[in-house]
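Report on the following structure.
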Amino acid sequence: MSEKELRSGYTTGTHATAVFLACLYEYFEALIVEKLAVVLPQGQEALIEVKRVKALCFSSIKGDNDDMDVTKGCEIRCALFTKKPQNLKEQKATLLEVNDAKIYIYAGDGVGVVTKKGLKIAPPHPAINPTPLEMMQTNSVSVIKDTKEVLHALFSVVDGEKIAKDTANAKVGVLGGISILGTRGIVKPISASAYIDSVEAEIDVAAAESQEYIVFTLGNTAHDYAKKHYNETAIIEIGNFVYDATQRLQKHSIKRVIFITSVAKMCKVAQGFKNTHNRYGSIDFDEVRLWLKSELHYDLGKEEFVTLKGVLQTLPEKYRVSFIKLLGVKSAQKLQEWFRELDLDAREVETITLPSEIKEVLKW
Numbered sequence: 055m056s057e058k059e060l061r062s063g064y065t066t067g068t069h070a071t072a073v074f075l076a077c078l079y080e081y082f083e084a085l086i087v088e089k090l091a092v093v094l095p096q097g098q099e100a101l102i103e104v105k106r107v108k109a110l111c112f113s114s115i116k117g118d119n120d121d122m123d124v125t126k127g128c129e130i131r132c133a134l135f136t137k138k139p140q141n142l143k144e145q146k147a148t149l150l151e152v153n154d155a156k157i158y159i160y161a162g163d164g165v166g167v168v169t170k171k172g173l174k175i176a177p178p179h180p181a182i183n184p185t186p187l188e189m190m191q192t193n194s195v196s197v198i199k200d201t202k203e204v205l206h207a208l209f210s211v212v213d214g215e216k217i218a219k220d221t222a223n224a225k226v227g228v229l230g231g232i233s234i235l236g237t238r239g240i241v242k243p244i245s246a247s248a249y250i251d252s253v254e255a256e257i258d259v260a261a262a263e264s265q266e267y268i269v270f271t272l273g274n275t276a277h278d279y280a281k282k283h284y285n286e287t288a289i290i291e292i293g294n295f296v297y298d299a300t301q302r303l304q305k306h307s308i309k310r311v312i313f314i315t316s317v318a319k320m321c322k323v324a325q326g327f328k329n330t331h332n333r334y335g336s337i338d339f340d341e342v343r344l345w346l347k348s349e350l351h352y353d354l355g356k357e358e359f360v361t362l363k364g365v366l367q368t369l370p371e372k373y374r375v376s377f378i379k380l381l382g383v384k385s386a387q388k389l390q391e392w393f394r395e396l397d398l399d400a401r402e403v404e405t406i407t408l409p410s411e412i413k414e415v416l417k418w
């Protein structure tokens with residue numbers, strides 16, 4: 055599929071705003087809508103379909119898209135009340151002031167509640183991020199006029215607690231469901247923005263809990279290894295997003311970063327790959343040959359290689375270990391270069407290459 059064919063979609067925050075507005079239209083104007091325009095943070099309009107579930111309760115299905123997004127297809131609901139809803143989970147409502155009206159926002163079934171410090175929302179409020187709340191406020195100004203009413207809006211997501219198991223919510227202290235997210239209102243395909251946002255949230259929570267170090271892992275094997283040796287709050291699976299994850303350290307004073315991955319991905323970082331996914335390129339085996347010859351005095355000969363595993367199988371044990379150590383050193387140096395470029399507070403990086411568990415430490 056070409057980039058032109060990739061589908062965008064709208065965030066959970068955009069759909070939550072739509073069902074919130076639909077409830078307000080029914081309450082203030084006795085208007086039952088099936089589609090409505092939501093103004094997004096950058097001024098564009100999104101036409102969102104909604105469905106009336108019952109009086110003052112609407113739902114919207116988050117559309118499919120080509121991003122890595124576990125919430126696509128989920129059903130987001132909002133119910134509006136004139137009195138505080140009963141049997142709520144433990145939380146503190148978020149107050150939304152629109153003109154002279156006050157609307158208290160609650161997390162219902164399938165929407166999480168924040169329980170740890172470090173996220174954009176303070177505990178114990180509903181896990182509805184600032185941008186969706188601003189969208190709700192901005193879009194409702196034209197509906198709520200000349201009234202000092204106090205209303206209560208309850209947001210829920212069908213099977214949200216189950217969906218949340220495929221996110222980092224529990225780890226960062228968002229319990230009971232998914233988060234209502236979005237900074238632009240639009241989900242860009244293959245942007246992986248939701249994944250990076252998740253990484254950023256985990257870093258924020260680790261920093262808020264005064265973790266002295268961060269452990270970046272690439273892949274399940276690295277993550278499993280880290281869980282056996284480090285505090286779980288400090289461990290963050292960053293996928294292929296080495297540089298993007300590193301950027302998210304800028305607002306924190308983390309002094310030590312531990313980087314754990316396989317030998318192949320370690321080689322890519324050593325060669326300067328900011329993202330280790332294959333779409334960003336393959337290992338440069340000419341450079342691998344050069345490193346072996348100039349630094350380890352080993353000549354690979356004329357054999358052509360297409361995998362690093364093939365190179366390692368060719369090397370005698372002595373050179374294999376030395377080469378893996380060399381990759382760890384070069385990766386640490388490349389990470390140091392990026393830390394300085396980003397003006398991070400980090401002064402120590404440790405690389406651990408699996409499965410051999412070879413460690414290299416660089417301090418400055």
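Every letter in the sequence shown is one number past the one before it in the numbering used here, and letter 76, counting from 1, is 130. Virtual Cβ for every residue (Gly too), placed ideally from N, Cα, C.
Contacts around residue i, its chain only, beta-carbon distance under 8 Å, and the 5 residues preceding and following it disregarded
| i | result |
| --- | --- |
| P184 | K174 and I175 |
| E263 | K170, K171, G172 and T287 |
| P139 | A133, Y160, G162, H206 and L208 |
| V259 | K170, K171, G172, L173, K225, V226, G227 and T287 |
| K58 | With a pLDDT of 40 at K58, under the threshold of 50, the modelled position of that residue is not reliable, and no figure is offered here. |
| K281 | I289 |
Residue from the options whose Cα sits closest to the Cα of residue i
| i | options | result |
| --- | --- | --- |
| V308 | L381, F393 and V383 | Contrary to the premise, residue 308 reads as Ile rather than Val in this sequence. Cα-wise, what sits closest to I308 is F393. |
| E395 | T237, T300, M190 and K138 | T300 |
| T361 | D353, S336, R374 and I378 | S336 |
| A100 | K116, V365 and A181 | K116 |
| K379 | A318, P139, Q145 and T201 | A318 |
| G67 | C111, L78, Y81 and C132 | C132 |
| T405 | D399, D338 and V311 | V311 |
| K372 | V323, R238 and L346 | L346 |
| V204 | P177, E151, P180 and G63 | E151 |
| N153 | T136, V323, D200 and L110 | D200 |
| K126 | L94, T65 and S410 | T65 |
| Y214 | F359, I130 and H306 | It is worth fixing the name first, because residue 214 is Gly in this sequence and not Tyr. Comparing Cα-Cα distances from G214 to each of F359, I130 and H306, the minimum goes to I130. |
| G63 | I268, R238 and P178 | R238 |
| R401 | V211, A72 and Y267 | Y267 |
| H179 | C128, A147 and S113 | A147 |
| T315 | F339, A70, N332 and L408 | L408 |
For residue i, three-class secondary structure by DSSP
| i | result |
| --- | --- |
| F135 | strand |
| V269 | strand |
| L389 | helix |
| T169 | coil |
| T361 | coil |
| G164 | strand |
| E395 | helix |
| H277 | helix |
| E144 | coil |
| E57 | Only weak support exists for where E57 lies, its pLDDT of 38 falling under 50; the value from the coordinates is given anyway. E57 falls in the helix class under three-state DSSP. |
| L366 | helix |
| K174 | coil |
| E414 | strand |
| A260 | helix |
| K156 | strand |
| I292 | coil |
Beta-carbon proximity list for residue i, same chain, < 7 Å, skipping 5 on both sides
| i | result |
| --- | --- |
| V124 | I217, D220 and T221 |
| A386 | V403, T405, E414 and L416 |
| A181 | A161, V165, G166, V167, V168, I175, V228, S233 and I234 |
| Y334 | F327 |
| E341 | Q325 |
| S56 | The predicted position of S56 is uncertain, since its pLDDT is 36 and thus under 50; a value taken from the coordinates is nonetheless stated next. Taken in chain order, the list of residues that qualify is empty. |
| E256 | A222, K225, V226 and I290 |
Beta-carbon proximity list for residue i, same chain, < 6 Å, skipping 5 on both sides
| i | result |
| --- | --- |
| F82 | V197 |
| V383 | E414 |
| L389 | V403 |
| C111 | A133 |
| I157 | L150, L205 and A207 |
| L381 | M320, C321 and A324 |
| Y352 | L346 and Y373 |
| F135 | H206 |
| L398 | L303 |
> For the stretch 178–256, which segments carrying the alpha helix (DSSP H) assignment without a break, of at least 4 residues, lie completely within its bounds, in sequence order?
Replying inline: 184–194, 214–218 and 223–226
> Hey, which unbroken runs of the alpha helix (DSSP H) at 4 residues or more fall wholly within the stretch 60–131?
Replying inline: Those alpha helix (DSSP H) runs which fall completely within the stretch 60–131 and span 4+ residues are 66–83.
>> Contact between the stretch 105–117 and the stretch 267–279 is defined here as three or more beta-carbon pairs at a separation below 8 Å; is this criterion met?
In response: Touching, no.
> Could you give the uninterrupted runs of the alpha helix (DSSP H) lying entirely in the stretch 303–354, keeping only those of 4 residues or more?
Replying inline: 317–324 and 339–349
>> Across the stretch 321–336 and the stretch 291–303, are there enough close Cβ pairs to call them in contact, namely three or more that are closer than 8 Å?
In response: Yes: the two stretches touch, three or more of their Cβ pairs being nearer than 8 Å.
>> Check whether the stretch 222–233 and the stretch 81–89 are in contact - that is, three or more C-beta pairs closer than 8 Å.
In response: no
> Between the stretch 142–149 and the stretch 161–168, do three or more beta carbon pairs fall short of 8 Å?
Replying inline: yes
> Are the stretch 248–259 and the stretch 185–201 touching by the rule of at least three beta carbon pairs closer than 8 Å?
Replying inline: The way I'd put it, the stretch 248–259 doesn't touch the stretch 185–201; fewer than three beta-carbon pairs between them come closer than 8 Å.
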